[in-house]
Amino acid sequence: MLIISRFSNYVVVLSLWATLMLWAKAAAVEFLSYQPSFSKLIGQNATGKVAQETSWEAFHEGGIYNKKDNSLYISSNFDTVGNPINITVLSLDDLSIRSQRYVNLSMPNGGSVFRANRGGRYMGSDQTLQVWCDQGDTNNYSKLVSLDPDANQTTTLFSSFFNRNFTSINDVRQHPETGDLWFTDATYAYFNGFRPSPQMPTQVYRYDMDSKSIQVVADGLQQPNGIEFSPDYKTLYVSDTGAATTRLTPTGPATVYAFDVVNRKRSLTNKRVLAYADNGIPDGLHTDIEGNVWASCGDGVHAWDSSGVLLGKIFTNDYTSNFAFVPGGMFIFSNKRLWAIENLIALGREVCDDFGSHVDRRCNERRN
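Residue numbers (mature numbering (1 follows the signal peptide of the UniProt record, and there is no 0)): -28 to -1, 1 to 340.
Structure below.
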């Protein structure tokens, strides 16, 4: 293992002994390279810093881009029963934050940009709609909700599987060609005491935007959590974070699985292990345009190639719930801390789709 550390304009390759010493004193982001290709993903000028630190857990999940106000919408973490979760709005202009509560959105967790109308491949959109996983609470069912943040208007897309309640819908992605919503349902709201006991297995689902039907597409996972498509949308990645319930169990799954998307982009097959996280659990998942898979883990953000080889880590020594790629960078959500990575070479799949192809020439190269 090599660690690439940057002081001023110099690149230093440290020994394992020096690495351990540095970890003990770490007060900033480090870029740990396990394969030479990781250095190319990070770049020579990448830097990291704490952009915001709050007294409450303002930076937990989500990270949805709103083009109208050039902001990221991030869900805060659960606090107490009966106290709805707020959305933290991060301005990309000046990195200021504000806390916002939305009607009919009690316990938002993961989310995505939402395009309500079908069409071909979207490479950016003027729409500001978002889709949020509302985990629900003791008074509200778990559901998928579309949100217009500018008008503070919400629409419940669905709140049950044929009248059987979801436990706590966790994360969601929209397929840009079919418009279908793929999402995970875990039991974390139950373990945290704000949802009743589960009435169904923990599963992965697909919501058909045309027929309004819901289909189970994968089961057998202890805690299906993060979900993400490959940049060609032929592979779906799902993390199983069963190692973390009320406490961290080292023998439980902390695994990213890959599935082939088949049957006219409606079903999954060929489940296989992509990777196992060596620290914490792989909570949020995102891919870059090269097909690498990135996950928020116990010590920062890990990156694997499409065959499952660990390329490297963005090491914060801070538990990471999720993160979001932005043009030329990344924001890492560590609950009370928001980390900013600047001058990053890696380009997230969602950057091209959500910010628009004009932000980076590589978006158009990928499209062609």
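Every residue gets a Cβ at the ideal spot worked out from N, C-alpha and C, and that includes glycine.
Practice task
Mind reading off the beta-carbon distance from residue 160 to residue 140? Whole number of angstroms is fine, and I expect it under 8 angstroms.
Solution key: A Cβ-Cβ separation of about 6 angstroms places residue 160 in contact with residue 140 under the 8 angstroms criterion.
Exercise for the section: Say whether the region 189 to 202 touches the region 169 to 176, bearing in mind that this needs 3 or more beta-carbon pairs closer than 8 angstroms, one atom from each stretch. Expected result: yes
Exercise for the section: Keeping to the same chain, check which residues put their C-beta closer than 7 angstroms to that of residue 334; ignore five residues upstream and five downstream. Expected result: 261, 319
Exercise for the section: Whole angstroms is fine: what's the gap from residue 34's alpha carbon to residue 45's? Expected result: C-alpha separation (whole angstroms): 7 angstroms.
Problem - Given residue 1 as reference, the closest of 303, 324, 325 once Cα atoms are compared - result: 303
Exercise for the section: With DSSP collapsed to three states, give me the class of residue 336. Expected result: Residue 336: helix per DSSP, three-state reduction.
Handout entry: Straight-line Cα distance separating residue 298 from residue 323
Key = 6 angstroms
Problem - Rounded separation between residue 93 and residue 206 - CA only - result: With a pLDDT of 44 at residue 93, under the threshold of 50, the modelled position of that residue is not reliable, and the figure given next carries that caveat. Each residue's Cα considered, the two are about 14 angstroms apart.
Exercise for the section: Name the residue from 83, 76, 202 whose alpha carbon lies nearest to the alpha carbon of residue 295. Expected result: 83
Exercise for the section: With DSSP as the reference, please indicate the residues paired to residue 37 in a beta bridge. Expected result: 44
Exercise for the section: Can you tell me which of the three DSSP states residue 326 falls into? Expected result: helix
Exercise for the section: Please go through the same chain and pick out, in chain order, the residues whose beta-carbon is closer than 6 angstroms to the beta-carbon of residue 146, but skip the five residues on each side of it. Expected result: 84, 153
Practice task
Give me the Cα-Cα distance between residue 342 and residue 210, rounded to the nearest whole angstrom.
Solution key: Outside the shown range of the chain, which is -28 to 340, sits residue 342, and nothing can be said about it.
Problem - When 156, 202, 143, 222 are compared against residue 278, the one with the closest alpha-carbon - result: Minimum Cα distance to residue 278 is reached at 202.
Handout entry: For residue 143 and residue 130, believed in contact at Cβ under 8 angstroms, the rounded distance
Key = With 8 angstroms as the limit, residue 130 and residue 143 do not qualify as a contact, their Cβ atoms being about 16 angstroms apart.
Problem - Segment contact flag, the region 67 to 83 with the region 105 to 121, C-beta cutoff 8 angstroms, min 3 pairs - result: yes
Exercise for the section: For residue 6, name the three-state secondary structure that DSSP assigns. Expected result: coil
Problem - Sequence-distant residues of the same chain with beta carbon closer than 6 angstroms to residue 341, five excluded per side - result: Given that the chain is displayed from residue -28 to residue 340, the structure contains no residue 341 and the question cannot be resolved.
Exercise for the section: Please check the pair residue 317 and residue 257, which I expect to be a contact at CB under 8 angstroms, by giving their CB distance rounded to whole angstroms. Expected result: Actually they do not touch by this definition, with Cβ atoms about 20 angstroms apart.
Practice task
May I ask you to list the residues that DSSP assigns as paired with residue 80?
Solution key: Bridge partners of residue 80: 106.
Practice task
Just the C-alpha distance for residue 241 and residue 189, rounded to the nearest angstrom, thanks.
Solution key: Rounded to whole angstroms, the gap between the alpha carbons of residue 241 and residue 189 is 9 angstroms.
Problem - residue 284 beta carbon less than 9 angstroms from that of residue 68 - result: no
Practice task
Give the DSSP-derived three-state secondary structure of residue 331 in the structure shown.
Solution key: For residue 331, the three-state secondary structure derived from DSSP is helix.
Exercise for the section: Could you please give the first and the last residue of the uninterrupted beta strand (DSSP E) stretch that includes residue 31? Expected result: Premise fails: residue 31 is in no beta strand (DSSP E) and is neither H nor E.
Problem - 3-residue-minimum beta strand (DSSP E) runs that sit fully inside the region 211 to 248, ordered along the chain - result: 227 to 234, 239 to 248
Exercise for the section: Give the range of the beta strand (DSSP E) segment to which residue 179 is assigned. Expected result: DSSP places residue 179 in the uninterrupted beta strand (DSSP E) bounded by 175 to 179.
Practice task
Within 10 angstroms of the Cβ of residue 234, are there 16 or more other Cβ atoms? Answer buried if so, exposed if not.
Solution key: Counting Cβ neighbours within 10 Å, residue 234 comes out exposed, since fewer than 16 surround it.
Handout entry: Beta-carbon proximity list for residue 306, same chain, < 8 angstroms, skipping 5 on both sides
Key = Hits under 8 angstroms: 31, 288, 290, 291, 292, 293.
Problem - Those residues which DSSP pairs with residue 147 across a bridge - result: Its beta-bridge partners do not exist; DSSP assigns none.
Exercise for the section: Could you tell me the boundaries of the beta strand (DSSP E) in which residue 297 lies? Expected result: 294 to 298
Practice task
Give the straight-line distance between the Cα atoms of residue 269 and residue 227, rounded to the nearest whole angstrom.
Solution key: Residue 269 and residue 227: Cα-Cα distance of roughly 11 angstroms.
Handout entry: Test item: CB-CB of residue 148 and residue 332 under 9 angstroms
Key = no
Problem - Same chain only: Cβ atoms within 7 angstroms of residue 122, ignoring 5 sequence neighbours per side - result: 40, 100
Problem - residue 336 to residue 216 span [Cα, whole Å] - result: 40 angstroms
Handout entry: N- and C-terminal bounds of the alpha helix (DSSP H) containing residue 161
Key = 160 to 163
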